[in-house]
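One structure is given below, encoded as structure tokens.
Residue numbers (the numbering used here): 1 to 173.
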């Protein structure tokens with residue numbers, strides 16, 4: 001039969017093991033929650049950025065369409081005006097008509113350049129979102145019951161041998 005001191009040390013070691021195991025599990029659960037939050041946040045930001053770039057692309061597409069309609073209308077007005085005045089579409093009148101095409105082309109090229117800038121910014125924003133998720137995520141350390149048990153057993157053994165040494169030094173059996 002063991003002495004009451006040894007029984008208390010064993011119970012204490014068992015309780016410490018149980019508490020350390022629960023603490024490790026709580027830490028692991030907290031790390032998983034943090035990673036889930038980071039992932040959900042990144043998904044929401046991805047969705048917002050995708051919506052934003054789609055809206056921008058649609059807006060630029062509509063502007064291009066409006067420019068094409070306006071260009072066609074102006075060219076039709078010019079051709080009908082020139083035809084009504086008895087002017088042939090040659091020489092200087094063709095150059096004037098070419099100006100309408102050139103202005104429309106420059107405007108559409110400007111829209112394309114601006115859209116390219118927006119797409120480039122979108123890609124950089126996606127990279128930043130990914131980096132943000134990685135920085136908000138934590139490394140998962142699952143609880144290791146075997147290591148915790150071995151640590152508790154070694155702690156108990158250390159306490160037991162210290163107790164035995166103290167008994168021998170005091171001359172108690």
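Where is the CB? At the ideal position from N, CA and C, for every residue including glycine.
{"query": "Where does residue 161 land, buried or exposed, given buried means 16+ other C-beta within 10 angstroms?", "result": "exposed"}
{"query": "So, is residue 130 buried or exposed, given that buried needs 16 or more other C-beta atoms within 10 angstroms?", "result": "exposed"}
{"query": "Helix, strand or coil for residue 24, going by three-state DSSP, please let me know.", "result": "helix"}
{"query": "According to the Cβ coordinates, are residue 127 and residue 68 closer than 8 Å?", "result": "no"}
{"query": "In this structure, does DSSP put residue 139 in helix, strand or coil?", "result": "coil"}
{"query": "Look at the Cβ atom of residue 35, then the Cβ atom of residue 138, and state whether they are nearer than 8 Å.", "result": "yes"}
{"query": "Can you confirm whether the stretch 156 to 171 touches the stretch 39 to 47 when touching is taken to mean that 3 or more C-beta pairs between the two stretches lie within less than 8 Å?", "result": "no"}
{"query": "Compute the Euclidean distance between the alpha carbons of residue 60 and residue 33, then round it to the nearest angstrom.", "result": "41 Å"}
{"query": "Can you find the residues in the same chain that come closer than 8 Å, C-beta to C-beta, to residue 175, ignoring five residues on each side of it along the sequence?", "result": "Limits of the chain in this structure are 1 at one end and 173 at the other, which puts residue 175 out of reach."}
{"query": "Pairs of beta-carbons, one from the stretch 110 to 117 and one from the stretch 43 to 62, closer than 8 Å: are there three or more?", "result": "yes"}
{"query": "Any idea what DSSP makes of residue 151, helix, strand or coil?", "result": "helix"}
{"query": "Give the DSSP-derived three-state secondary structure of residue 158 in the structure shown.", "result": "helix"}
{"query": "According to DSSP, simplified to helix, strand and coil, what is residue 171?", "result": "coil"}
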